[in-house]
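Protein chains in written order, with the working numbering: chain A, 878 to 1266; chain B, 878 to 1266.
Glycine included, each C-beta is placed from N, C-alpha and C at the ideal position.
Since this is a predicted model, take the numbers as computed values, not measurements.
Structure, as structure tokens:
Take a look at the structure:
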């Protein structure tokens, strides 16, 4: 059974609860909506019950957006390996360095988690056409789940997105439209076209369920580390749903008694040197980011010049005592090769960026040799092979 | 603990047992060696003990090539999803069609299983340089595990192999040599170079452990189908280790009481129209295949003109009451798109070939609508995107 109850504004602005049994996107105030659960009742859900459950993110179904009796649309997303990266750890003087390897998800990236949850709910709500603006991986994931559900998929990506992202969408039968500009432009065009046609918009945080998929990364970290959470979580940040989702998961786990209240992992948001709106806002003490001009990076997933959930990312980083760091393309590709050649991990440049950010934190004396660190590799190398040419 | 005891000739030719605590490759008669276990003792190993074990193929460690106290080199290989392919099944009139999706392995293919086992043992035996001839995916898997183990990797592939296979090897730090010809030529050159230099050869079936990794696919099918085995297993066959491994697993499972003796799944070996040595030998009633001339296909993994274990594949196909079928490139690419657009599965052409072979068996009235069928998708689409252009 699930303790899923209602939707609520993320600000919160004071608006009343929203009913998840009908289609919902944003709060009337324009902010993202969050799924809420009956967490008091969920205290009777014990973590011992997890042993032997399905090897995907739906093992946490009690706190997932399902109603009783519903089955999720699953392609095997989540429950990804957490590798003890001994060789890279040793080279950095860290005994407890772990890599959460999201490349082992369907469609080769962490985006599968969010879209499994979002498309599951969209299908239950009777959606006939799904639309998404994407920097690449989210489009692939959406197209795969839509195919499985038998729902039409409309995908909007920047014209200069790497070819594999386009081909993979087509393989799943999605309708692909390439637009001038960046993901923000793709989002504007998708929204304009979809409004008149009644498309169901699954843009990041413009529907409440992708974050529910992403939050499972924090549940998994807890379970895989036997409920001793790491000191640091280093996370590449484009739209930021992963960060926001994990922060929400810590809240939930504290309320149901799976994590003691008190210190949480320090969250480090990693961006690209030439597209770092969160980093700039963090450094300026701003609550929200500003649209980054002339955004460019080889890490397609980091090419998000302005995220709708920026204030939620910044809130998580600050409350955790973490930080935000920008990495050059050269450095992220270097560390992509390090993960490959030292650990056998297929990393996207985004994963390389996270490892490089760890180097910066060690150099600055912020990460200590006795700290437990989790670096996220959000996707595999295969769609980014051009950067290795 | 493991019941691993010794190595033995696969023919068997009558040679004495081989000691697995030293490096072993082929039998003195030239045939592959197989790992043997104390199966009488293993009858005390109960399948109930599997619940809650690690989500990779080493969950079957009692019948894997490990000595007590050893840890495997794992990147999360195996325990891949078995999807109930409802939409494609319905279009074919089958209620119980399943796809075993090996694309969710590290390095995107089933080859990770074999190489996890082989490199684990090679590392324990003190190997300093590993060499492999490969049509593509095996090289990627070997390079990844070698990187993790800190062992030098030497890879030999056909010059016209698709670019992603080369780039992925390089990402893991392998030394790549491209040779004129096919995998058989690569094997000859690798062996010549390696002999003088003392390289540890991990060619298919030229060492005894890749097959042990592959056999876990059959254990997983049992566990995932609650020990009711399918009527048909449809399997794309290049080197054939997967087929041979699963057949060996049925033997083992019967002997330890996990599977009743009696009918086993009918094994269908699927090859490419222009590289079908097993199919030709099957049709001719031959015990071994002959080298296929001018082999060509877009499915790199099927471009194996002569397999060292051909007689073992043919034996499994015949003993099972199965068959061997050849599929055209056009048909396999068509069904690769069907798996993508109907089920959201990222399939290699090899997976498409297996689905097309199923169509042929239905058309010929061999597969009945009430049969349970498992089609293997041995890898993901991402390294084969050129075929979709």
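Residue i: CB within 8 Å of a non-hydrogen atom of the ligand ATP
i                      : result
residue 901 of chain B : The ligand ATP is absent from the structure shown, which contains no ligand whatsoever.
Cβ of residue i within 9 Å of any chain A Cβ
i                       : result
residue 1052 of chain B : no
residue 1049 of chain B : yes
residue 1148 of chain B : no
residue 1010 of chain B : no
residue 957 of chain B  : yes
residue 921 of chain B  : no
residue 985 of chain B  : yes
residue 1078 of chain B : no
residue 908 of chain B  : no
residue 1248 of chain B : no
residue 951 of chain B  : yes
residue 1024 of chain B : yes
residue 1040 of chain B : yes
residue 1020 of chain B : yes
residue 1198 of chain B : no
Candidates the options, of which the one nearest residue i by Cα
i                       : options                        : result
residue 1127 of chain B : B/1094, B/1154, B/1149, B/1147 : B/1094
residue 1197 of chain B : B/1183, B/937, B/885, B/1159   : B/1159
residue 1125 of chain A : A/1162, A/1089, A/1116         : A/1089
residue 1256 of chain A : A/985, A/903, A/924, A/926     : A/985
residue 1078 of chain B : B/1003, B/914, B/1009          : B/1009
residue 1173 of chain A : A/1002, A/1012, A/1242         : A/1012
residue 1248 of chain B : B/1108, B/970, B/884, B/1263   : B/1108
residue 1122 of chain B : B/910, B/931, B/897            : B/910
residue 1134 of chain A : A/1104, A/1018, A/1153, A/1120 : A/1104
residue 997 of chain A  : A/897, A/1191, A/1130, A/1061  : A/897
residue 1020 of chain B : B/1065, B/1039, B/1209, B/993  : B/993
CB contact flag (residue i, residue j, <9 Å)
i                       : j                       : result
residue 1033 of chain A : residue 1177 of chain A : no
residue 947 of chain B  : residue 1258 of chain A : no
residue 1145 of chain A : residue 1238 of chain A : yes
residue 1063 of chain A : residue 1035 of chain A : yes
residue 880 of chain A  : residue 927 of chain A  : no
residue 964 of chain A  : residue 1245 of chain A : no
residue 1149 of chain B : residue 1230 of chain B : yes
residue 938 of chain B  : residue 956 of chain B  : no
residue 1194 of chain B : residue 1264 of chain B : no
residue 1118 of chain B : residue 1155 of chain B : no
residue 959 of chain A  : residue 1102 of chain A : yes
residue 1030 of chain B : residue 1052 of chain B : yes
residue 1161 of chain A : residue 977 of chain A  : no
residue 914 of chain B  : residue 1129 of chain B : yes
residue 1111 of chain A : residue 1232 of chain A : yes
residue 890 of chain B  : residue 908 of chain B  : yes
residue 1075 of chain B : residue 1006 of chain B : yes
residue 1204 of chain A : residue 1234 of chain A : yes
residue 1084 of chain A : residue 995 of chain A  : yes
residue 1252 of chain B : residue 962 of chain B  : yes
Below-9 Å beta-carbon distance, residue i vs any chain B residue
i                       : result
residue 846 of chain A  : Outside the shown range of chain A, which is 878 to 1266, sits residue 846 of chain A, and nothing can be said about it.
residue 1208 of chain A : no
residue 1045 of chain A : yes
residue 1184 of chain A : no
residue 929 of chain A  : yes
residue 960 of chain A  : yes
residue 1016 of chain A : no
residue 964 of chain A  : yes
residue 1254 of chain A : no
residue 940 of chain A  : no
residue 1066 of chain A : no
residue 879 of chain A  : no
residue 1257 of chain A : yes
residue 1260 of chain A : yes
Enumerated in chain order, which unbroken segments of the alpha helix (DSSP H) with a length of 4 residues or greater are wholly contained in the stretch 953–1007 of chain A? 963–969, 988–1001
Go through the stretch 1086–1128 of chain B residue by residue and report every complete run of the alpha helix (DSSP H) that reaches 4 residues or more, in order. 1087–1101
Can we say the stretch 1020–1037 of chain B touches the stretch 1082–1101 of chain B, given the rule of at least three CB pairs closer than 8 Å? Output reads no: the stretch 1082–1101 of chain B does not touch the stretch 1020–1037 of chain B.
Pick out the complete alpha helix (DSSP H) segments inside the stretch 1173–1234 of chain B, 4 residues or longer, and give them in chain order. 1187–1197, 1206–1220
Using 8 Å as the threshold, is the stretch 1179–1193 of chain B in touch with the stretch 1154–1169 of chain B, meaning 3 or more CB pairs across them? yes
Stretch pair the stretch 903–910 of chain A + the stretch 885–905 of chain B: three plus CB contacts closer than 8 Å: Under the three-pair Cβ rule at 8 Å, the stretch 903–910 of chain A does not count as touching the stretch 885–905 of chain B.
For the stretch 943–957 of chain B and the stretch 1213–1233 of chain B, state whether three or more C-beta atom pairs, one from each stretch, are separated by less than 8 Å. no
Can you give, in chain order, each stretch of the alpha helix (DSSP H) that sits fully within the stretch 899–926 of chain A and has at least 4 residues? 916–919
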